[in-house]
Amino acid sequence: MNNYVEQVINAVRQKHQNEPEFVQTVEEVLSSISTVVDNHPEYEKYDLLSRLVEPERQFIFRVVWEDDKGNYHTNTGYRFQFNGAIGPYKGGLRFQKNVYSGIIKFLGFEQIFKNALTGLPIGGGKGGSDFDPTGKSDAEIMRFCQSYMQALYRYIGPDVDVPAGDMGVGGREIGYLYGEYRRLKGAFENGVLTGKGFSYGGSLIRPEATGYGAIYYLLNVLKDDGQDIKGKTIAASGFGNVTWGLCKKAKELGAKVITLSGPDGYIYDPDGVSTDEKVEYLLEMRSSGRNCVKDYADKFGVEFFPGEKPWGRKADIVMPSAMQNDVHMEQAKQIAANKVRYYIEVANMPTTNDALNYLLEQKDMIVAPAKAVNAGGVAVSALEMSQNSERLVWTEEEVDQKLQHIMNTIYKNSKDAAARNGLGYNLVAGANIAGFERIADAMIAQGVF
Ligand code: GLU
Numbered sequence: 030m031n032n033y034v035e036q037v038i039n040a041v042r043q044k045h046q047n048e049p050e051f052v053q054t055v056e057e058v059l060s061s062i063s064t065v066v067d068n069h070p071e072y073e074k075y076d077l078l079s080r081l082v083e084p085e086r087q088f089i090f091r092v093v094w095e096d097d098k099g100n101y102h103t104n105t106g107y108r109f110q111f112n113g114a115i116g117p118y119k120g121g122l123r124f125q126k127n128v129y130s131g132i133i134k135f136l137g138f139e140q141i142f143k144n145a146l147t148g149l150p151i152g153g154g155k156g157g158s159d160f161d162p163t164g165k166s167d168a169e170i171m172r173f174c175q176s177y178m179q180a181l182y183r184y185i186g187p188d189v190d191v192p193a194g195d196m197g198v199g200g201r202e203i204g205y206l207y208g209e210y211r212r213l214k215g216a217f218e219n220g221v222l223t224g225k226g227f228s229y230g231g232s233l234i235r236p237e238a239t240g241y242g243a244i245y246y247l248l249n250v251l252k253d254d255g256q257d258i259k260g261k262t263i264a265a266s267g268f269g270n271v272t273w274g275l276c277k278k279a280k281e282l283g284a285k286v287i288t289l290s291g292p293d294g295y296i297y298d299p300d301g302v303s304t305d306e307k308v309e310y311l312l313e314m315r316s317s318g319r320n321c322v323k324d325y326a327d328k329f330g331v332e333f334f335p336g337e338k339p340w341g342r343k344a345d346i347v348m349p350s351a352m353q354n355d356v357h358m359e360q361a362k363q364i365a366a367n368k369v370r371y372y373i374e375v376a377n378m379p380t381t382n383d384a385l386n387y388l389l390e391q392k393d394m395i396v397a398p399a400k401a402v403n404a405g406g407v408a409v410s411a412l413e414m415s416q417n418s419e420r421l422v423w424t425e426e427e428v429d430q431k432l433q434h435i436m437n438t439i440y441k442n443s444k445d446a447a448a449r450n451g452l453g454y455n456l457v458a459g460a461n462i463a464g465f466e467r468i469a470d471a472m473i474a475q476g477v478f
């Protein structure tokens, strides 16, 4: 490995011992751009990589809210503005009880490259809170969001930093966050957030975009492999917004999503989540706030496996779409033993690094990385920003067409970047390289700071 790359990785290991998720993503990204750094001595001269792994700015703040019984609670809020070289910071907010700086930092770092890959003018950022939305009433969610925005509104804006949803943050939360922002600013600056409701500036197709984009990316992989999606089985995890979009598009194209998972276990539906009723039910499960996938098994009479993950199931395509580190070495071995041909990451960093490297070594397996596959969500967020700044609304067809074009370009650029660097058909390294090249170019052009 390139010496300078190794040096920076080691420094990150030292400095971020208590943030293992961040160390993991830095190791993954930097090791795959090593050959590019070999060819660019100026990166070391300007210490580009040390700058890249340090957020430009980070906010950590107190969020106090009142529950329905009149008790007060205090949570920690985060917003990390990681890299603004190619556009306003852009990335979601995650509300989940396990959120701490290491999670926001890993997501923010991933976001830099993902956003660069889209080809659109969006920098990398991420935020969230250790607030646990499970079982909270609507009024509690609203009060939490208002308090969160009171702390953050000074530091974001349509040309500064544009948050959006992530786990625990959907259309409802974005609505409350935007309402508070508008109230505090006294202006209709709706480009400050994306994932908004359609009535006040949201983009059509944004709710579906991450899942649809993942399937559009998959279509590229299948096409290059001489395969059709029709009739293929997909083992997915999660049941939230991303998995919902995935199921909806898979159904439309005649593929079957046969597993879903939640914190309580997984369900196996051999017929697939393949009717409108089933797909719609995922939305109901999410809005119930119960966070239980067993509800699906109860409703449709399929098998539920408490406390288990779906990775032992045979399927043509595996798509981990729930959360980070969902697939460890042991599960990777199971997936390989099942002779799965397509391992398509969807959630951010769903695979541990050792498991990912193991899967990449499997000769008959094609592996695609999350930062390319799930980029459709943030890409349509950028389209939402465009519509807001131009004060116009694009039709569903217009947005969908642009999304397809973006996903095809991401696939092609990743594939070409790997080939150009002598790495063969390596979509993981290719995505890192293509994203990195754009960022590095912009950073070098803008001078050292
Ligand atoms: N949280 C999503 C992501 O990781 C969406 C971000 C956005 O739309 O800004 O890309």
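Here the numbering used here is used: the first residue of the sequence shown is 30, the next is one more, and so on.
Heads up, the beta-carbon is just placed ideally off N, CA and C, and yes, glycines get one too.
Residues of its chain near residue i, where Cβ-Cβ distance is below 7 Å and the 5 sequence neighbours each way are ignored
i: V52; result: V41, R42, H45
i: G406; result: A238, T239, G242
i: K278; result: G240, Y241, I244
i: R186; result: A small correction: the amino acid at residue 186 is Gly; Arg does not occupy that position in the sequence shown. Cβ neighbours of G186 beyond the five flanking positions: E218, V221.
i: N320; result: T163, G291, P292
Any non-hydrogen atom of ligand 1 closer than 7 Å to residue i Cβ
i: N219; result: no
i: S232; result: no
i: G224; result: yes
i: N461; result: no
i: N377; result: yes
i: A193; result: yes
i: Q475; result: no
i: N403; result: yes
i: G120; result: yes
i: S266; result: no
i: G200; result: no
i: Q416; result: no
i: G156; result: no
i: N53; result: Per the sequence shown, residue 53 should be read as Gln rather than Asn. The answer is no for Q53.
i: V407; result: yes
i: S350; result: no
i: Q140; result: yes
i: S410; result: yes
i: K285; result: no
i: K143; result: yes
Spatial neighbours of residue i in its chain, beta-carbon cut-off 6 Å, leaving aside the 5 residues before and after
i: Y162; result: A quick correction: the sequence has Pro, not Tyr, at residue 162. So the list reads F124, G197, once near-sequence residues are dropped.
i: E209; result: Q175, M178
i: T262; result: K285, I287, A344, D345
i: C276; result: V286, V302, V308
i: Q106; result: Residue identity check: residue 106 is Gly in the sequence provided, not Gln. Answer for G106: F90, V92, S158, Y177, A180, listed in chain order.
8 Å CB neighbourhood of residue i in its chain, flanking five on each side removed
i: V484; result: In this structure the chain extends from 30 to 478, so residue 484 is not present and cannot be described.
i: K362; result: Y387
i: V250; result: Y371, I373, I395, A397, Y440, L456
i: E337; result: G294, Y295
Burial state of residue i (16 or more Cβ within 10 Å)
i: A384; result: buried
i: R342; result: buried
i: D355; result: buried
i: Q475; result: exposed
i: P49; result: exposed
i: E35; result: exposed
i: A366; result: exposed
i: Q430; result: exposed
i: M472; result: buried
i: N417; result: buried
i: M314; result: buried
i: E139; result: buried
i: R235; result: buried
i: Y101; result: exposed
i: P339; result: buried
Closest residue to residue i among the options (Cα-Cα distance)
i: A180; options: I89, K143, G200; result: I89
i: G269; options: G231, G318, D253; result: G318
i: P379; options: A265, D298, V286; result: A265
i: L222; options: Y207, E56, G215; result: Y207
i: S61; options: N450, M472, D470, R467; result: N450
i: Y72; options: N32, R108, Q87; result: N32
i: K155; options: W94, F111, G186, G116; result: F111
i: N68; options: G226, A469, W423; result: A469
i: Y229; options: L213, D254, G200; result: G200
i: H290; options: D257, K280, V331, N461; result: According to the sequence displayed, residue 290 carries Ser and not His. Nearest C-alpha to S290: V331.
i: K307; options: G294, K392, D327; result: D327
i: I151; options: R172, I170, V191; result: V191
i: Y310; options: F329, F465, T424, E337; result: F329
i: F173; options: R80, N382, V58, D97; result: D97
i: A145; options: V128, K400, E426; result: K400
Point to revise | Continuous alpha helix (DSSP H) assignments of at least 4 residues falling wholly in the region 92–162 | key: Correct list: 130–146.
Point to revise | Entirely enclosed alpha helix (DSSP H) segments - the region 227–313, minimum 4 residues | key: Segments of the alpha helix (DSSP H) lying fully in the region 227–313: 235–253, 270–281.
Practice item. Could you tell me which uninterrupted beta strand (DSSP E) segments, each at least 3 residues in length, are contained entirely in the region 372–398, listed from first to last along the chain? Key: Runs found: 395–397.
Point to revise | 3 or more residues per run - each beta strand (DSSP E) lying fully within the region 410–463 | key: None, since the region 410–463 contains no complete beta strand (DSSP E) of that length.
**Study point:** Complete runs of the alpha helix (DSSP H) confined to the region 162–209 [at least 4 residues]
**Key:** As far as the region 162–209 is concerned, its whole alpha helix (DSSP H) runs of at least 4 residues are 167–181.
Point to revise | Contained beta strand (DSSP E) runs [length at least 3] in the region 48–99, N- to C-terminal order | key: Segments of the beta strand (DSSP E) lying fully in the region 48–99: 86–95.
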